[in-house]
Amino acid sequence: MEIIKNLHSYLAYVVLAVLVIAVINAIAGWLGKKDFTMQKDLRVSLFALILSHIQLLVGLLLYFVSGNGLKAIQTLGMGGLNAPARLLAVEHPFINIIALVLITIGWSRHKKFMESNKKFKTISIFYGLGLLLILSRIPWGQWFA
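In this text, residue positions in the sequence shown follow my numbering: the first is 1170, and each later residue adds one.
Here you go:
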């Protein structure tokens, strides 16, 4: 289980970095009225999508085998969780699933547009909202402890 926890923790840095790059790239393309290219823009967005989904799968695995996830809810009940335990057992997984849904919607919607401006705008908005949600529910105290 320690391997899964470490993988989830260290992969989070990579996912955040790639998501930030994807959002900045999309905003720059949108505001700069650039052409959406398959070599760079598509790959950056796709790489962020794939890594985010891998992180979700590792996180879900950790949720079901860790004492901080489902077992904490089963043991203490929802009312028995203090704020840090509730963050790990409820808020972090729930909000991050919503974030991944937004990122996935952004990926799916951008493919429907032919205009580069609309592609960049869609990725900027949906990936950006997903990134903000992810950042809002990271257990920062554990990262820097």
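In this text, a Cβ means the ideal position worked out from N, Cα and C, and glycines have one as well.
All values derive from a computational prediction rather than experimental measurement.
CA-to-CA, the gap between K1290 and F1282 works out to about 10 angstroms.
In this structure, DSSP gives S1293 a helical state, which the three-state scheme calls helix. Only residues of its own chain outside the window of five on either side were considered, and among them V1227 have a CB closer than 7 angstroms to the CB of L1176, listed in chain order. Taking C-beta atoms as the reference points, W1199 and S1293 count as a pair closer than 7 angstroms. A1268 is a Cβ neighbour of L1302, given a cutoff of 7 angstroms.
In the displayed model, E1284 falls within coil according to three-state DSSP, outside both helix and strand. Between A1241 and A1252, the C-beta spacing is not below 7 angstroms. Residue burial annotation: V1192 is buried, with at least 16 other C-beta atoms found within 10 angstroms of its C-beta. In this structure, the alpha-carbon of L1256 lies about 7 angstroms from that of P1308.
With 16 or more neighbouring CB atoms inside 10 Å of its own CB, F1295 falls in the buried class.
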